[in-house]
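> Starting off with a structure, shown below.
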Amino acid sequence: MISPPDLHQRLARTLTAAMKNPGPPARLISVSTGSMGPGDAAMGAGPRLLFRFFRTVVTPNLGRVGKDLQAMEDELAATELDWYALRPIKLTDGPLTGHVHASDRFAMKTISRADVAWYILKLAEDPHSRPQRTPIITSAATGTSLAPLEAEHSAAQ
Numbered sequence: 021m022i023s024p025p026d027l028h029q030r031l032a033r034t035l036t037a038a039m040k041n042p043g044p045p046a047r048l049i050s051v052s053t054g055s056m057g058p059g060d061a062a063m064g065a066g067p068r069l070l071f072r073f074f075r076t077v078v079t080p081n082l083g084r085v086g087k088d089l090q091a092m093e094d095e096l097a098a099t100e101l102d103w104y105a106l107r108p109i110k111l112t113d114g115p116l117t118g119h120v121h122a123s124d125r126f127a128m129k130t131i132s133r134a135d136v137a138w139y140i141l142k143l144a145e146d147p148h149s150r151p152q153r154t155p156i157i158t159s160a161a162t163g164t165s166l167a168p169l170e171a172e173h174s175a176a177q
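Each residue of the sequence shown is one higher than the one before, starting from 21 at the first, in this note's numbering.
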């Protein structure tokens, strides 16, 4: 590991301190992980054991990154900010589809980096806060979740 083992946690601490200054409310959106520690509670026993094996035995560096990302999420949760830590499972270099599914349940599915970026922008532009701060995000089937933020707010009204 080249970067400090607490890089994400330190960054979260710095950003949240800067955002506490008076001014217009701001939203902090980060990318965490659904497979290296923070997403463990959303997993069933099988995937949890498999991922723990990989991040402790096969690639211990993943375990250190997972602990750092969990510490980052803990830093964010300790604030009163409007924050989100998106948890993709497996990132791909696929195209932008605009079809993203956000859930509190683990699903072994992929999502393109382009769709993660699109979802971050949609979330940043949405004037409403969402109760789900750490969603697992995956690609959705065509038509399933074309505009998840707008659909969620339409259903709530």
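By construction, the Cβ of each residue, glycine as well, lies at the ideal position given by its N, Cα and C atoms.
Which complete beta strand (DSSP E) runs does the region 37–110 hold, if anything under 3 residues is left out?
47–51 and 102–108
> Determine the DSSP secondary structure at H121, reduced to helix, strand or coil.
strand
> Answer with buried or exposed for M92, where buried requires no fewer than 16 other C-beta atoms within 10 angstroms of its C-beta.
buried
> Give the secondary structure of E170 by DSSP, where H, G and I count as helix, E and B as strand, and everything else as coil.
Summary for E170: the model assigns pLDDT 46, below 50, so the residue's position carries little reliability; its value from the coordinates is reported in the next sentence. Looking at E170 - three-state DSSP - the assignment turns out to be helix.
> List the DSSP bridge partners of T130.
K110
> According to DSSP, T158 sits in a beta bridge with which residue or residues?
H121
> Are the CB atoms of L101 and T154 nearer to each other than 9 Å?
no
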